[in-house]
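Using our numbering, the letters of the sequence shown map in sequence onto residues 1 to 217. Idealized CB from N, CA, C, for every residue including glycine.
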Amino acid sequence: MSTIDIDRDAAQEAAENELAKTIYPKPSPLDMILDWIEELLYRLTTTASKFPGGWFTVAVLVLLLVVAVVVAVRIARRAMRSSRSGAPALFGDHVLSAAEHRATAQRHAAEEHWAPAIRHRVRAIARQLEENGVLDPVPGRTATELARRAGQALPALAGELSTAAQTFNDVTYGELPGSESQYGMIAALDDQLGRQTSSSHADGDDGSAHQPWAEVR
């Protein structure tokens with residue numbers, strides 16, 4: 001039987017064409033990154049003796065590489081989520097009153113679950129402003145939009161509202177755990193708004209010219 005001679009270049013081209021067919025799975029971006037990291041680690045370990053400091057230098061470089069990869073993954077996840085859904089909306093599918101959001105926040109805070117506690121306390125603020133006519137209910141309103149709109153109605157509290165909105169975004173969008181001090185700041189803002197609400201109602205419905213809760217339209 002006669003044999004077929006194929007030179008090296010032709011064989012390589014044939015192999016590449018075969019592997020390019022759709023029946024063969026292509027590596028995902030994550031697989032490519034992991035392969036690159038594996039190759040880099042291999043090169044570092046095989047040339048460790050050539051580095052000043054030897055294995056200590058290699059260990060430091062590996063640690064820096066791990067930190068860089070973790071940071072890159074987190075940034076990529078945030079970017080993907082941002083392009084997919086935009087800024088997070090304040091309210092979910094379940095409609096709760098300001099008092100109900102506030103009670104839920106307090107239960108989470110008692111268990112030191114600061115992220116959900118912060119989310120519900122900011123929602124309590126937003127719902128309170130809607131219930132008192134300071135803001136019109138707007139489906140899909142974000143925390144940033146809340147702070148901007150409410151800050152126009154209550155300029156003296158614009159800074160606190162902006163900080164509360166940023167904290168909401170951090171724990172909801174940035175997946176940060178939140179803290180007791182952050183929750184305490186938002187709870188204090190909620191309480192302050194509640195006191196102003198009670199005071200404005202005590203002035204009567206005809207005192208809109210002197211009351212700071214006039215609705216912004």
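- Relative to Arg119, the option among Leu189, Gly133, Trp36 and Val171 whose CA is nearest is Val171.
- Here the alpha carbon of Gly140 sits roughly 19 Å from the alpha carbon of Gly174.
- In the structure shown, Thr163 adopts helical secondary structure according to DSSP, grouped into three states.
- Of the residues assessed, Glu111 falls on the exposed side of the cut-off, its CB having fewer than 16 other CB atoms within 10 angstroms.
- Boundaries of the alpha helix (DSSP H) around Leu129: Trp114 to Glu131.
- Counting along the chain, Gly151 sits inside the alpha helix (DSSP H) bounded by residues Ala143 to Ala153.
- In this chain, Ala156 is not harboured by any alpha helix (DSSP H), its DSSP state being neither H nor E.
- The C-beta of Tyr183 has 16 or more other C-beta atoms within 10 Å across all chains shown, which makes the residue buried.
- Going by DSSP, Thr104 is part of the alpha helix (DSSP H) stretching over Ala98 to Ala110.
- Its Cα nearest to that of Gln166, the residue Glu145 stands out among Glu145, Ala153, Glu180 and Gln152.
- Cα atoms of Asp31 and Gly159: separation of roughly 45 Å, rounded to the nearest angstrom.
- Taking the Cα positions, Arg107 is about 10 Å away from Pro116.
- Setting aside the 5 residues that flank it on each side, Leu176 is surrounded in the same chain by Asp170, each with a C-beta closer than 7 Å to its C-beta; the list follows chain order.
- Under the three-state reduction of DSSP output, Thr47 falls in the coil class, being neither helix nor strand.
- Note on geometry: alpha-carbon atoms of Thr46 and Glu13 lie some 32 Å from one another.
- Taking C-beta atoms as the reference points, Ala98 and Arg127 count as a pair closer than 8 Å.
- Here the C-alpha atom of Glu131 lies approximately 27 Å from the C-alpha atom of Ser181.
- In the structure shown, Gly184 falls within a helical segment according to DSSP collapsed to helix, strand and coil.
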